[in-house]
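Have a look at the structure below, then the notes.
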Amino acid sequence: MVPSPSTSAPAETCGPVLPGSVCAVKLRCVFLLKCVSRRVCVCVCPVSYVERGRQHRWRCAQVTFTCPTEASCQRWVAGIRELLAANASRPRRLLVYINPYGGKKQGKRIYEQKVAPLFARAGVSTHVIVTEYANHARDHLRTEAELKQFDGVVCVGGDGMFSEIIHGLIWRTQVDGSVDPGCPDETLSPCSLRVGIIPAGSTDCICFATVGTNDPVTSALHIIVGDSQAMDVCSIHHNNTFLRYSVSLLGYGFYGDVLTDSERKRWMGPARYDLSGLKMFLTHHYYEGTVSYLPARGILGTPRDGARCRSGCVVCQHNGQLLSEKAERYETENDGEWRTIRGKFLAINAASMSCACPRSPKGLSPAAHLADGTTDLILVRKCSRFNFLRHLLRHTSKDDQFDLTFVEVHRVRRFRFTPRHCQSDSDLELDLRENNKGQIFSQICTDHPACGCAPAYSSWNCDGEILTHTAIDVRVHCQLIKLFARGIEELESGLCVTVT
Numbered sequence: 001m002v003p004s005p006s007t008s009a010p011a012e013t014c015g016p017v018l019p020g021s022v023c024a025v026k027l028r029c030v031f032l033l034k035c036v037s038r039r040v041c042v043c044v045c046p047v048s049y050v051e052r053g054r055q056h057r058w059r060c061a062q063v064t065f066t067c068p069t070e071a072s073c074q075r076w077v078a079g080i081r082e083l084l085a086a087n088a089s090r091p092r093r094l095l096v097y098i099n100p101y102g103g104k105k106q107g108k109r110i111y112e113q114k115v116a117p118l119f120a121r122a123g124v125s126t127h128v129i130v131t132e133y134a135n136h137a138r139d140h141l142r143t144e145a146e147l148k149q150f151d152g153v154v155c156v157g158g159d160g161m162f163s164e165i166i167h168g169l170i171w172r173t174q175v176d177g178s179v180d181p182g183c184p185d186e187t188l189s190p191c192s193l194r195v196g197i198i199p200a201g202s203t204d205c206i207c208f209a210t211v212g213t214n215d216p217v218t219s220a221l222h223i224i225v226g227d228s229q230a231m232d233v234c235s236i237h238h239n240n241t242f243l244r245y246s247v248s249l250l251g252y253g254f255y256g257d258v259l260t261d262s263e264r265k266r267w268m269g270p271a272r273y274d275l276s277g278l279k280m281f282l283t284h285h286y287y288e289g290t291v292s293y294l295p296a297r298g299i300l301g302t303p304r305d306g307a308r309c310r311s312g313c314v315v316c317q318h319n320g321q322l323l324s325e326k327a328e329r330y331e332t333e334n335d336g337e338w339r340t341i342r343g344k345f346l347a348i349n350a351a352s353m354s355c356a357c358p359r360s361p362k363g364l365s366p367a368a369h370l371a372d373g374t375t376d377l378i379l380v381r382k383c384s385r386f387n388f389l390r391h392l393l394r395h396t397s398k399d400d401q402f403d404l405t406f407v408e409v410h411r412v413r414r415f416r417f418t419p420r421h422c423q424s425d426s427d428l429e430l431d432l433r434e435n436n437k438g439q440i441f442s443q444i445c446t447d448h449p450a451c452g453c454a455p456a457y458s459s460w461n462c463d464g465e466i467l468t469h470t471a472i473d474v475r476v477h478c479q480l481i482k483l484f485a486r487g488i489e490e491l492e493s494g495l496c497v498t499v500t
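The opening residue of the sequence shown carries number 1 in full-length UniProt numbering; numbering runs sequentially from there.
Encoded structure:
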């Protein structure tokens with residue numbers, strides 16, 4: 001609650017403008033206040049604060065208090081500002097990267113019109129960089145950025161821009177800490193700087209899954225009040241060589257094919273995903289391979305327990321503490337429990353979060369958690385088009401998408417995949433080169449799979465980017481990064497201010 005600054009200025013000396021009413025504003029929701037003299041005997045104090053709206057949106061609101069003297073008003077304001085300044089979780093200086101080309105190319109406008117004014121009002125200084133080429137933000141964070149000068153990093157863009165940021169930030173953190181980021185068995189050091197996401201891309205799934213809405217103002221307010229949400233990160237290696245990090249979806253088969261096909265239709269904008277999705281559904285390719293995984297033992301939660309990851313998640317807190325305190329012992333005790341599955345798969349997906357989005361409010365794995373040190377490995381075996389459609393439609397309904405005989409899900413800490421025809425790395429590279437040479441004919445065969453020329457390999461969709469290798473080793477790093485977020489709140493609406 002907004003307190004009196006000291007005993008010399010009791011709370012009853014300050015009241016709202018409306019006579020006979022009492023107003024209480026939670027201190028953590030306040031981000032701007034000042035003392036204004038309007039008339040001889042009365043001094044007014046407008047207080048700006050955060051107010052919850054519908055559908056997890058936040059907005060700015062203001063309430064005005066009055067004081068009988070300017071001196072008491074100044075003491076009141078100074079006391080509150082001192083308390084706000086003592087809150088170390090609130091950022092004072094931010095490094096902002098803007099992708100001017102993502103989505104509908106509105107990133108720069110969204111930041112300048114909706115976000116920058118809020119940062120200025122809250123007294124948050126910024127250093128803004130407008131990216132000029134792919135991986136500009138990643139490269140700048142790796143080599144040039146003076147990270148000690150900032151309290152956080154903000155990306156204005158979509159999931160691709162966020163991926164750039166975490167690749168640069170994680171890599172820089174490991175190098176500065178003398179940790180080898182390229183070793184698949186290395187325990188990575190958590191990043192100290194939090195990352196904020198201002199949604200402005202073609203896909204903003206990570207923002208939606210951590211905040212509950214894709215609204216730039218809401219995200220900016222989460223940054224201003226200094227919210228913090230830990231998040232797991234998966235490292236992906238091929239033959240002990242680092243490839244990429246993943247925080248949301250790692251998909252082989254259907255989702256990999258959709259992404260690969262959509263890259264040829266970038267001129268269509270976001271609509272390309274719908275067209276490519278329909279095309280790949282009709283094509284109905286399956287892929288043979290071997291999946292080996294290390295089950296998550298001794299932790300809370302299962303993929304089908306219905307426990308959604310929400311703000312203050314008990315599962316994430318318990319499992320995160322367990323893995324951090326007993327990391328070495330846990331690894332040793334569970335390292336010999338690898339399991340292996342061979343078969344023909346339409347899709348192999350690893351969901352490190354629910355992957356919820358406006359079109360799929362539950363996501364690919366509704367009970368997946370943001371920071372529990374695991375990923376949900378979803379295997380969709382070869383089945384008819386009708387059955388696969390049933391599985392896809394369940395992502396948009398309340399039905400259990402795992403309650404199908406051809407679908408299985410496992411909560412894992414690590415997994416590996418090897419295509420069936422991949423006897424060696426050189427064989428795989430040769431096969432991929434041959435596939436690329438016949439791209440024109442493979443396109444015809446893709447449209448007409450009855451000819452029997454179905455491809456032997458798919459591609460991995462790693463958070464919207466195509467991996468260059470098919471045989472991979474994936475490891476989950478518990479709570480490696482933190483976001484300016486608090487997770488999705490259960491309360492649909494409710495104000496940060498109470499008036500009686």
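No residue lacks a Cβ here, since even glycine has one placed at the ideal position from N, Cα and C.
Using a Cβ-Cβ distance cut-off of 8 Å, the region 274 to 285 and the region 254 to 263 are in contact, since at least three pairs of beta carbons, one from each stretch, lie closer than that value.
By the criterion of at least three beta-carbon pairs nearer than 8 Å, the region 217 to 226 is in contact with the region 479 to 487. Look at Ile299 here: in three-state DSSP terms it is coil, with no helix or strand label. Judged by DSSP in its simplified three-state form, Arg411 adopts strand. Distances from the alpha-carbon of Tyr101 to those of Gln149, Arg390, Trp267, Asn461 put Trp267 closest. The C-beta distance from Asp232 to Leu480 rounds to 7 Å, short enough to meet the 8 Å contact threshold. Between the region 279 to 289 and the region 303 to 313, the count of C-beta pairs closer than 8 Å stays below three; the two stretches do not touch. Under the DSSP definition of a beta bridge, Tyr287 partners with Phe345. In the three-state reduction of the DSSP assignment, Arg420 falls in the coil class, being assigned neither a helical nor a strand state. Under DSSP, Phe242 shares a beta bridge with His237.
Per DSSP, the continuous beta strand (DSSP E) segment holding Pro46 begins and ends at 42 to 52. C-alpha of Ala271 to C-alpha of Ser125: approximately 37 Å in a straight line. If you check the CB distance, Asp372 and Asn319 come in under 8 Å.
For Arg420, the CB contacts under 6 Å within the same chain, skipping 5 residues up- and downstream, are Glu288, Gly289 in chain order. A contact between stretches requires three or more CB pairs, one per stretch, nearer than 8 Å, and the region 76 to 87 fails this requirement with the region 143 to 153. No Cβ-Cβ contact shorter than 8 Å links Gly160 with Arg138. Membership of Lys482 in the beta strand (DSSP E) is indicated by the continuous run 472 to 483. Cβ neighbours of Gly363 within its own chain (closer than 8 Å, five residues either side excluded): Ala209, Ala351, Met353, Ser354, Cys355, Ala356, Cys357, His395. Val315 is a Cβ neighbour of Gly301, given a cutoff of 8 Å.
A buried status is given to Glu164, since no fewer than 16 other beta-carbon atoms sit within 10 Å of its beta-carbon.
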